[in-house]
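Asks:
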Amino acid sequence: MDKRLSLDAFVGELSDGMTIGIAGWGPRRKPMALVRAILRSGLKDLTIVTYGGADVGMLCAAGKVRKLVFAFVSLDAIPLEPWFRKARESGAIEVLELDEGMLQWGLKAAALRLPFLPTRVGLGTDVVTHGGFETVTSPYADGEVLLAMPAIPLDAALIHVHRADHRGNIQALGPDTYYDEWFAKAAARTYVSAEQVVERMDLAYPEDAKANIFERCFVHGVIEVPFGAHPTSMPPSYGWDMAAFKSYVASASEEGGWDRYSRDVIGADEAGYLQRAGGADAVAKLPLPIF
Amino acid sequence: MTQAPTLAELLIVACSEAYRGNGEVVATGIGPVPRLGASLAKLTHSPELMMTDGEAFLVEEPVPIGPRGYDDRKAAGYLPFSRFFDSAVWTGRRHAMVSPTQIDRFGQTNLSCLGGTYTQPKVQMLGVRGFPGNSIHHVNSMFVPAHSKRIFVEGEVDMVSSVGYNPARRPAGANFSGVDLRLIVTDLCVMDFGGPDHAIRLVLLHPGVTADQVIEATGFAVLAPAEVPVTPMPDAEQLAIIARLDPHNIRATVIKGNPSATREEVAA
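Chains as they are written, first to last, in our numbering: chain X, 117 to 407; chain R, 20 to 287.
#1: For proline 278/R, which residues of its own chain have a beta-carbon under 6 Å away from its beta-carbon, when the five flanking residues on both sides are left out?
#2: Return the residue from the list Lys301/X, Ala149/X, Ala280/X and Trp221/X that minimises the CA-CA distance to arginine 102/R.
#3: By the three-class DSSP mapping on this structure, what secondary structure does alanine 33/R have?
#4: So, does the segment 230–248 of chain R touch the segment 396–404 of chain X, judging by three or more C-beta pairs under 8 Å?
#5: Three-state secondary structure (DSSP) at tyrosine 364/X?
#6: Tell me, please, which residues DSSP counts as bridged to alanine 94/R.
#7: Considering only residues of the segment 210–238 of chain R, which uninterrupted beta strand (DSSP E) runs meet the minimum length of 3 residues and lie entirely inside it, listed in chain order?
#8: Taking 8 Å as the threshold (C-beta atoms), are threonine 241/X and valine 172/R in contact?
#9: For proline 96/R, which residues of its own chain have a beta-carbon under 6 Å away from its beta-carbon, when the five flanking residues on both sides are left out?
#10: For leucine 191/X, write down the residues that DSSP places opposite it in a beta bridge.
#11: Do you know offhand how far aspartate 171/X's Cα is from threonine 163/X's?
#12: Should the segment 56–65 of chain R be called in touch with the segment 250–263 of chain X, which here means at least 3 C-beta pairs below 8 Å?
#13: Please classify alanine 286/R as buried or exposed, where buried requires at least 16 neighbouring CB atoms within 10 angstroms.
#14: Counting along the chain, where does the alpha helix (DSSP H) carrying methionine 218/X start and finish?
#15: In its own chain, which residues sit with a C-beta less than 7 Å from the C-beta of glycine 135/R, not counting the 5 before and 5 after it?
#16: Name the chain R residues whose beta carbon is nearer than 7 Å to that of tryptophan 141/X?
#17: Which partner residues does asparagine 164/X have in the DSSP bridge list?
#18: For a contact meaning CB atoms closer than 7 Å, what does tyrosine 354/X contact in chain R?
#19: Answer with yes or no whether the minimum CB distance from isoleucine 406/X to chain R is below 8 Å.
#20: Please list the partners that arginine 201/X has in chain R, where partner means a Cβ-to-Cβ separation under 7 Å.
#21: Using the three-state DSSP reduction, which class does leucine 68/R fall into: helix, strand or coil?
#22: Please confirm if tyrosine 38/R has its CB atom under 8 Å from at least one CB of chain X.
#23: Check the Cβ of threonine 253/X against every Cβ in chain R and list those closer than 9 Å, keeping chain order.
#24: Tell me the residue span of the alpha helix (DSSP H) that contains asparagine 153/R.
#25: Quick one: residues in its chain with C-beta nearer than 6 Å to the C-beta of methionine 20/R, no 5 flanking neighbours on either side, listed in chain order?
#26: Can you tell me whether DSSP reads arginine 279/X as helix, strand or coil?
#27: Below 8 Å on the Cβ atoms is my guess for asparagine 41/R versus valine 158/R; work out the distance and round it to an integer in Å.
#28: Going by DSSP, what residue range makes up the beta strand (DSSP E) through proline 266/X?
#29: In angstroms with no decimal places, state the Cα-to-Cα distance between serine 122/X and valine 313/X.
#30: Out of Phe232/X, Val151/X and Asn285/X, which one is the CA nearest neighbour of glycine 168/X?
#31: I'd like to know whether the C-beta atoms of leucine 262/X and arginine 236/X end up nearer to each other than 8 Å.
#32: So with Cβ pairs under 8 Å, would you call arginine 236/X a contact of chain B?
#33: Measuring only between beta-carbons, confirm whether valine 399/X sits less than 8 Å from chain R.
#34: Give the list of continuous beta strand (DSSP E) stretches no shorter than 3 residues that lie fully inside the segment 130–200 of chain R.
#35: Specify the secondary structure class of proline 99/R as computed by DSSP and reduced to three states.
#36: Could you have a look at isoleucine 286/X and say whether DSSP puts it in helix, strand or coil?
Okay, structure coming up:
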């Protein structure tokens with residue numbers, strides 16, 4: 117029943133060609149330490165499913181992505197993600213481009229163990245032209261023709277939260293939990309990194325039980341990584357690191373930019389990464405973004 | 020001392036008119052001018068509008084744009100991302116005003132990619148985001164800060180991200196009754212979809228702008244009545260609300276050179 121894993125053990129459970137869902141949204145509450153563990157590994161040919169930010173850009177830059185299932189890739193305050201753009205504009209990755217709600221719908225279909233869910237969304241747009249979707253006709257009197265949004269089952273989902281315990285009880289604080297619960301339920305195995313892992317949530321933080329956004333039966337592994345969302349935001353604990361994003365964005369216009377970024381910023385392990393990011397005290401003080 | 024209204028302020032008021040009479044829906048304005056327009060609408064003619072703080076909470080007092088205290092909002096309700104689809108988008112209880120990269124004569128828009136092929140576009144932008152679902156389920160308007168043929172394209176947009184009124188794009192038996200495009204507010208004019216078969220039509224010209232200027236800057240035919248009314252100027256109350264909602268004057272950065280609302284100098 118003890119689901120605690122090291123970062124190395126986590127990445128060791130993944131394999132080439134997997135379909136991996138990454139929770140969070142754009143530059144917000146992304147499981148970046150888990151993404152960095154993949155960047156440091158030999159994993160390849162991945163299908164990434166996400167509301168994308170620098171997670172997508174970095175995995176594209178490192179040549180890990182075969183296919184991307186997405187509705188957008190953006191750093192929000194920096195609207196266009198440079199390494200994602202390079203990958204698209206060089207034709208390096210296959211894509212399935214979806215509406216944001218269709219992506220949610222596909223995860224829900226997988227979570228509910230259905231082959232598809234019907235929707236009007238996508239009809240009338242080029243999402244249908246390029247996505248290879250089929251339609252279904254309502255069997256009821258209305259006879260409406262609807263798009264059949266296929267389920268998006270995931271081999272693994274990666275999620276970063278504030279707290280977890282050894283059994284996989286989790287708590288995600290902060291104003292928005294995005295679509296994390298649907299990533300968790302759509303996945304065969306959900307790996308949750310947490311700012312803090314406690315022995316028992318019921319003893320440590322019973323007053324925050326409403327922050328338990330999905331049940332522990334959907335959690336396969338728990339990895340303790342303080343500041344594991346950096347450089348993305350982790351409200352209410354810390355904001356995004358705009359200076360770090362700017363330096364990352366700049367790397368995309370340098371010759372050999374990714375090799376330099378990978379060596380000098382991502383580095384060999386998380387302890388070194390956090391030091392290079394300014395250390396725990398500095399990251400803890402990053403101001404929360406205002407929208 | 021009273022300052023003459025700027026074009027950005029005129030546009031904020033024009034954007035606010037899009038939300039008049041919408042009922043109890045979520046007013047979403049993406050970008051400073053549409054967001055200030057939605058907030059102004061709520062504080063003047065349409066208090067029934069619902070609005071978020073730009074993050075996850077519903078507020079009854081629109082929050083100012085730009086730097087402020089993180090917890091300055093007073094939450095009246097809760098509308099995080101996932102719930103947004105269930106509560107606002109797919110139920111039709113929303114009016115969004117957005118700024119696409121391309122718009123065509125059918126009101127179809129593009130935010131995804133430009134040129135090349137789909138497998139290798141010349142320019143990759145954001146992706147379609149929520150445009151397909153927004154456009155088929157709820158009211159939408161558009162804001163264009165620099166009216167040109169690059170945005171209002173000849174032919175169709177490169178990647179149809181939102182549904183418009185193109186009959187060729189509508190499969191038989193599907194339900195497009197939720198498609199409801201309202202206003203296009205630009206730095207030159209206000210247009211709507213009130214022509215035959217939802218053709219785009221000029222409804223207001225900003226002070227000092229001629230119909231010919233609009234026609235010249237648009238890649239498709241715009242219906243222009245012989246007499247086009249002039250966009251109303253902001254009044255003192257509206258200007259005071261706008262100033263309060265934008266204490267850092269971010270609106271001054273939206274239109275190049277922050278011209279005056281009257282701008283006779285460009286009317287030549």
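Just so you know, even glycine gets a beta-carbon here, dropped at the ideal spot from N, CA and C. Here the structure is a predicted model, which is why all the values come from computation and not from measurement.
Replies: So, from the data block:
#1: Leu26
#2: Trp221/X
#3: helix
#4: no
#5: helix
#6: Val78/R
#7: 220–224
#8: no
#9: First, the amino acid is wrong: residue 96/R is glycine here, not proline. The answer, listed in chain order, is Leu77.
#10: Ile194/X
#11: 13 Å
#12: no
#13: In this predicted model, alanine 286/R has a pLDDT of only 44, less than 50, meaning its place in the structure is not dependable; the value taken from the coordinates is given anyway. The residue is exposed, with fewer than 16 neighbouring Cβ atoms inside 10 Å.
#14: 216–227
#15: Lys141
#16: Phe100
#17: Position check: residue 164/X holds isoleucine in this sequence, whereas asparagine was assumed. In DSSP, isoleucine 164/X forms a bridge with Ile136/X and Leu184/X.
#18: In chain order: nothing, as chain R lies at least about 12 Å away.
#19: yes
#20: Gln143
#21: coil
#22: no
#23: Gly192
#24: 150–156
#25: Unreliable placement is indicated for methionine 20/R, whose pLDDT of 41 sits below 50; the coordinate value is still reported in the next sentence. Contacts found: none.
#26: strand
#27: 7 Å
#28: 261–266
#29: 12 Å
#30: Val151/X
#31: yes
#32: The displayed structure is made up of protein chains X and R, and chain B is not among them.
#33: no
#34: 132–135, 140–143 and 158–163
#35: coil
#36: strand
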